[in-house]
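Its first residue numbered 1, the sequence shown is counted upward by one per residue in my numbering.
Read through the structure below, which is laid out as structure tokens, and then see the notes.
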Amino acid sequence: MQAISTVLLVIHSLWRWVVVVLLLATFIKMLIGWLSKSGWGDLDTNLTKWLGMSLGIQFVLGLLVLVLNTLTVGGAYLQSAAVIEHTVTNFIVVILGSLSFKKAPVNKRFRNKTIALLLAAVFIYRAVQVVGGW
Ligand code: HEM
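Structure follows, in structure tokens:
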């Protein structure tokens, strides 16, 4: 079980770069859409969808590592402040990344997405720092 957890953690660790690239690309696209007052296009839909998917995959991988490590290491694993902070912070990131603001007028949607993704980026930066860093 420990071996599976180790492999999943390596994948989780590498997958962070997929999340980071998509987060950056989506943030920049939302910012441009907000400032240039453009309409919502297919690329906006796709980028937000891909970012949501990448975060969902990261979430599942992280949760599996958390469960497997708790089973092998025992309850003490959950007493690690770093693990708890990383997990809780990233729960918030998953929520922030999946807010769609679909009912808002387009320009407000771009603005809200930009702000939510900026917050998500700050949270991810901090959350990775506490589990060994970048
Ligand atoms: C709610 C979602 C997430 C959960 C439940 C989760 C869970 C975990 C757990 C349990 C660990 C092992 C910590 C340890 O034993 O010290 C870990 C490590 C890590 N996580 Fe997450 N994580 C989540 C989201 C993320 C996100 C969004 C990123 C970055 C984009 C990320 C990047 C990392 C990195 C870089 C490590 C260290 C890997 C290593 O030691 O090689 N995680 N995560």
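Here a beta-carbon is modelled for each residue, glycine too, at the ideal position from N, C-alpha and C.
Enclosing alpha helix (DSSP H) for Trp17 [first to last residue]: Counting from one through the sequence shown, the residue named residue 17 turns up at place 17. In the DSSP assignment, Trp17 falls within the alpha helix (DSSP H) that extends over Gln2 to Leu35.
Using 8 Å as the cut-off, can you tell me whether the stretch 24-33 makes contact with the stretch 62-73, which would need three or more C-beta pairs spanning the two stretches below that distance? No contact exists between the stretch 24-33 and the stretch 62-73.
In three-state DSSP terms, what is Leu66? Start at 1 with the first residue of the sequence shown, and residue 66 comes out as number 66. Leu66: helix per DSSP, three-state reduction.
Can the beta-carbon of Gly52 be found less than 8 Å from the beta-carbon of Thr87? Position 52 of the sequence shown, counted from the first residue, corresponds to residue 52. Position 87 of the sequence shown, counted from the first residue, corresponds to residue 87. Going by C-beta atoms, Gly52 is not nearer than 8 Å to Thr87.
Look at Ala127 and Val93 and say whether their C-beta atoms are less than 8 Å apart. On the sequence shown, residue 127 is found 127 positions in, with the first residue counted as 1. On the sequence shown, residue 93 is found 93 positions in, with the first residue counted as 1. The answer is yes: Cβ separation under 8 Å.
Once DSSP output is grouped into helix, strand and coil, what is the label at Trp40? As a working mapping, residue 40 is identified with position 40 in the sequence shown. Three-state DSSP puts Trp40 in coil, outside helix and strand.
C-beta atoms of Asn107 and Lys49 nearer than 8 Å: Stepping through the sequence shown from its first residue, residue 107 is reached at position 107. Stepping through the sequence shown from its first residue, residue 49 is reached at position 49. Contact check for Asn107 against Lys49 fails: the beta carbons are separated by 8 Å or more.
Is Val7 close to the ligand HEM? I mean its beta-carbon at under 7 Å from any heavy atom of the ligand. As a first step, residue 7 is located in the sequence shown; it is residue number 7 there, counting from the start. Checking the 7 Å criterion, the Cβ of Val7 is out of range of every heavy atom belonging to the ligand HEM.
Can you list, in chain order, the stretches of the alpha helix (DSSP H) that have 4 or more residues and sit fully within the stretch 56-109? Segments of the alpha helix (DSSP H) lying fully in the stretch 56-109: 81-98.
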